[in-house]
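Chemist: In the working numbering, each residue carries its 1-based index in the sequence shown increased by 245.
No residue lacks a Cβ here, since even glycine has one placed at the ideal position from N, Cα and C.
Keep in mind that this is a model prediction, so the values were computed, not measured.
One structure, pasted below without further comment.
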Amino acid sequence: MHIDPDHPNPVSPEPKNTHKVDVVSFVISLMLAPLVIALLGFWLALIPVFAVLFGGVPWLSFGAWFLWLSLKRHGPGPMLIGAALLANLIGTPILTFLFMVISDPTGFTHELWDVIAFMVGFGIVFSGLWGTVFMYLYKWFYRTKNRRTVTSPNQVG
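Have a look at this one:
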């Protein structure tokens with residue numbers, strides 16, 4: 246608990262924003278995570294490549310939002326994997342439903358729910374993998390960008 250005497254409620258939860266998200270590291274990691282998995286696993290009948298094609302929109306829309314919020318609240322860590330999985334569980338059904346309705350407005354059959362179930366199930370595997378790779382890439386880019394160069398005592402300036 247955090248005690249803040251100036252706040253109307255002096256005993257309040259810890260401050261929410263514990264990590265300042267580096268936008269450049271975030272965007273680069275967000276774009277590279279699916280591509281790294283696709284490059285490492287393209288030999289598996291191109292399944293990871295198709296995952297990028299089918300999961301790209303949910304990853305960039307819902308995934309980016311959930312990952313950003315998780316980074317701000319918890320910093321770079323395992324919670325990012327949970328955020329990626331949660332984004333899949335919420336975003337994929339919504340976007341699949343919208344796509345199915347737009348492509349065939351009269352096609353409300355059991356097929357709609359089968360497609361949603363398939364997309365979410367398929368997405369769970371790749372959102373977990375992408376979230377893991379995102380976490381490691383973000384940590385690496387963040388540390389690399391914020392690393393200070395050590396100068397020798399003999400250097401002037």
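Excluding the five sequence neighbours on either side, which residues of its own chain have a C-beta within less than 8 Å of the C-beta of Y387, listed in chain order?
Modeler: Walking along the sequence shown from the start, residue 387 turns up at place 142. Counting only Cβ-Cβ distances below 8 Å, and skipping sequence neighbours, we find D267, S270 and P321.
Chemist: For G402, is the classification buried or exposed, using 16 other Cβ atoms within 10 angstroms of its Cβ as the cut-off for buried?
Modeler: As a working note, residue 402 is residue 157 in the sequence shown. Per-residue confidence for G402 stands at a pLDDT of 46, beneath the threshold of 50, marking its modelled position as unreliable; the derived number appears in the next sentence. By the 10 Å Cβ count, G402 comes out exposed.
Chemist: Return helix, strand or coil for M380, following the three-state DSSP convention.
Modeler: As a first step, residue 380 is located in the sequence shown; it is residue number 135 there, counting from the start. M380 falls in the helix class under three-state DSSP.
Chemist: Would M380 pass as a contact of T337 if the rule is Cβ separation under 8 Å?
Modeler: Stepping through the sequence shown from its first residue, residue 380 is reached at position 135. Stepping through the sequence shown from its first residue, residue 337 is reached at position 92. No. Outside cutoff.
Chemist: Provide the residue span of the alpha helix (DSSP H) that contains G320, from first to last.
Modeler: By 1-based counting over the sequence shown, the position of residue 320 is 75. First-last for G320: undefined, no H or E at that position.
Chemist: When the Cα atoms are used, what is the spatial distance from L275 to T377?
Modeler: Translated into the one-based positions of the sequence shown, residue 275 becomes position 30. Translated into the one-based positions of the sequence shown, residue 377 becomes position 132. Roughly 11 Å separates the two Cα atoms.
Chemist: What is the C-beta distance between T389 and V360, in whole angstroms, given that I count them as a contact (C-beta under 8 Å)?
Modeler: Mapped onto the sequence shown, residue 389 falls at position 144. Mapped onto the sequence shown, residue 360 falls at position 115. The pair is not a contact, with the Cβ atoms about 41 Å apart (cut-off 8 Å).
Chemist: Let's test the definition: count the other Cβ atoms within 10 Å of the Cβ of A328 and tell me whether it reaches 16, buried, or not, exposed.
Modeler: In the sequence shown, the residue the question calls residue 328 occupies position 83. Per the 10 Å Cβ criterion, buried.
Chemist: Please state the DSSP three-state secondary structure of V395.
Modeler: Working through the sequence shown from its first residue, we reach residue 395 at position 150. Note that V395 scores a pLDDT of 46, beneath 50, so its modelled location is shaky and nothing firm can be said.
Chemist: Could you tell me which uninterrupted alpha helix (DSSP H) segments, each at least 4 residues in length, are contained entirely in the segment 265-344, listed from first to last along the chain?
Modeler: Fully enclosed alpha helix (DSSP H) runs of 4 or longer: 268-286, 292-303 and 309-319.
Chemist: For the candidate residues L285, W385, I369 and V302, whose alpha-carbon lies nearest to that of L343?
Modeler: Against the sequence shown, residue 343 aligns to sequence position 98. Among L285, W385, I369 and V302, the Cα nearest to that of L343 is on V302.
Chemist: Taking a contact to mean a Cβ-Cβ separation below 8 Å, would you say G308 touches S372 in this structure?
Modeler: For the purposes of this step, residue 308 is identified with residue 63 of the sequence shown, where counting begins at 1. For the purposes of this step, residue 372 is identified with residue 127 of the sequence shown, where counting begins at 1. Cβ atoms of G308 and S372: closer than 8 Å.
Chemist: Could you check whether L312 and V297 sit closer than 8 Å to each other, using their CB atoms as the reference points?
Modeler: Counting from one through the sequence shown, the residue named residue 297 turns up at place 52. Counting from one through the sequence shown, the residue named residue 312 turns up at place 67. No, they are not a contact pair.
Chemist: With H, G and I counted as helix, E and B as strand and the rest as coil, what does DSSP make of T389?
Modeler: As a working note, residue 389 is residue 144 in the sequence shown. Helix at T389.
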